[in-house]
Amino acid sequence: MQVLFHVDDSERWEITLNNVEAMLRCGQETSRVFTIEVVVNGAAVRELQLAQAKRVGTYDRLAALGAAVRVCACKNALANLAISPESLLPGVAVVPAGVVEIAERQSEGYAYIKP
Amino acid sequence: MQVLFHVDDSERWEITLNNVEAMLRCGQETSRVFTIEVVVNGAAVRELQLAQAKRVGTYDRLAALGAAVRVCACKNALANLAISPESLLPGVAVVPAGVVEIAERQSEGYAYIKP
Amino acid sequence: MQVLFHVDDSERWEITLNNVEAMLRCGQETSRVFTIEVVVNGAAVRELQLAQAKRVGTYDRLAALGAAVRVCACKNALANLAISPESLLPGVAVVPAGVVEIAERQSEGYAYIKP
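Protein chains in written order, with my numbering: chain V, 1 to 115; chain X, 116 to 230; chain D, 231 to 345.
In structure tokens form, the structure reads like this:
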């Protein structure tokens, strides 16, 4: 099962992480493999900055997900907010356009969830 | 046509119910069958409690939908908010994880709508 | 690539238009064709009225998209808000039910994005 979570609002990080963690727990309990990608655009890229992520608590939770979850930040959103890709959490991938990533993944069979 | 509505925010119940009712009306007018499921997680499970549903008006509207619409509450969300499954409206199903239900339904061909 | 954007909240017009414009730019840069439809229901149909669109700035941005993007307004939403179809921006299509349009497009292979 392949699943894409879309976050574009800083206030939705909390519920998104709850959702991703619940899905991983379910995978462990039922021995199913979930391939999970989180695509971040809009203002929500702010919480992917190392300093901001430590302040608001996304840092520890994203770090705990580790390699089980791919996290992608939209390059346009970073540029709009003058955020340097170098300031992001280690392991976060930068994609040219978040919405194109989302469309492509759905065409590959990913389910789409917008918490 | 199979359609899944996702509700995770108490403030989105109103528009979600408007959407579901509009879809059922359209089905009646055009003699098409819509298989509709509403997956509820996050704070929106609160409005599935019998007492709360009567207070805010979801009770009458969900009851009127009857068997035409399957309503599922996420077990994790219920646990997080200390809501007992027994306190829910009659007919509401409890699923182990709302996000897994959403992903599975999409893999079965359901369209996803997040009002 | 076929993509449907869903807008049902007036406050999400800004980010939706950012997203659509980013997708079109990406298409130009990579010589890919994106077939884009924007389905508007709920309170967000207000910003499709000519006068309101000029006031809030959706007018210029939607006009600039031109024929590259199909914009559909939900007839139910217009009726609920007593908005006449004649008051809408030129080029906006009216569909009987926004949610049915969304479900049908997904069944045709459109990706769904809710900004």
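Just so it is clear, CB atoms sit at the ideal spot from N, CA and C, and this is done for glycine as well.
So, is the C-beta of residue i closer than 8 Å to a C-beta in chain V?
| i | result |
| --- | --- |
| Ile-130 of chain X | no |
| Pro-345 of chain D | yes |
| Gly-206 of chain X | no |
| Val-215 of chain X | yes |
| Gln-221 of chain X | yes |
| Ala-341 of chain D | yes |
| Gly-157 of chain X | yes |
Answer yes or no: do residue i and residue j have a C-beta to C-beta separation smaller than 8 Å?
| i | j | result |
| --- | --- | --- |
| Leu-17 of chain V | Arg-55 of chain V | no |
| Val-45 of chain V | Ile-83 of chain V | yes |
| Ser-240 of chain D | Leu-280 of chain D | no |
| Asn-226 of chain X | Gln-232 of chain D | The sequence shown places Ala at residue 226 of chain X, rather than the Asn named in the question. It is not a contact, given that the beta carbons lie outside the stated cut-off. |
| Ala-307 of chain D | Gly-339 of chain D | no |
| Val-237 of chain D | Leu-295 of chain D | no |
| Val-69 of chain V | Ile-36 of chain V | yes |
Would you say residue i lies against chain D (beta-carbon separation less than 8 Å)?
| i | result |
| --- | --- |
| Pro-85 of chain V | no |
| Ala-97 of chain V | yes |
| Ala-137 of chain X | yes |
| Asn-19 of chain V | no |
| Tyr-174 of chain X | no |
| Ala-73 of chain V | no |
If we count the other Cβ atoms within 10 Å of its Cβ and call it buried at 16 or more, is residue i buried or exposed?
| i | result |
| --- | --- |
| Gly-91 of chain V | exposed |
| Arg-147 of chain X | exposed |
| Leu-163 of chain X | buried |
| Pro-200 of chain X | exposed |
| Ala-333 of chain D | buried |
| Thr-173 of chain X | buried |
| Ala-62 of chain X | Absent from the structure is residue 62 of chain X, since the part of chain X shown begins at 116 and ends at 230. |
Restricting to Cα atoms, I'd like to know which of the options is closest to residue i.
| i | options | result |
| --- | --- | --- |
| Leu-204 of chain X | X:Ala-194, X:Ala-178, X:Ala-218 | X:Ala-178 |
| Gln-28 of chain V | X:Val-215, X:Gly-224, X:Arg-220 | X:Val-215 |
| Val-71 of chain V | V:Asn-80, V:Val-95, V:Ala-22, V:Tyr-112 | V:Val-95 |
| Ala-182 of chain X | X:Glu-219, X:Ile-228, X:Phe-149 | X:Phe-149 |
| Ala-212 of chain X | X:Ala-188, X:Leu-196, X:Pro-230, X:Lys-229 | X:Ala-188 |
| Leu-139 of chain X | X:Ala-168, X:Phe-120, X:Lys-190 | X:Phe-120 |
| Pro-115 of chain V | V:Cys-26, V:Thr-30, V:Val-39 | V:Val-39 |
| Val-195 of chain X | V:Thr-30, V:Ala-22, V:Lys-75 | The amino acid occupying residue 195 of chain X in the given sequence is Asn; Val does not appear at that position. The candidate whose alpha carbon is nearest that of Asn-195 of chain X is V:Ala-22. |
| Lys-305 of chain D | X:Cys-141, X:Arg-127, X:Lys-190 | X:Cys-141 |
Would you say residue i faces chain X, with C-beta separation under 8 Å as the test?
| i | result |
| --- | --- |
| Gln-279 of chain D | no |
| Val-3 of chain V | yes |
| Ala-333 of chain D | yes |
Shorter than 8 Å from the beta carbon of residue i to some beta carbon of chain C?
| i | result |
| --- | --- |
| Pro-211 of chain X | Absent from the structure is chain C; the protein chains it does hold are V, X and D. |
What runs of the beta strand (DSSP E), each 3 residues or longer, lie entirely inside the region 258 to 292 of chain D? Runs of the beta strand (DSSP E) inside the region 258 to 292 of chain D: 265 to 270.
Would you mind listing the alpha helix (DSSP H) stretches within the region 198 to 225 of chain X that are 4+ residues and don't spill past its ends, in chain order? Entirely contained in the region 198 to 225 of chain X, the alpha helix (DSSP H) runs reaching 4 residues are, in chain order, 213 to 222.
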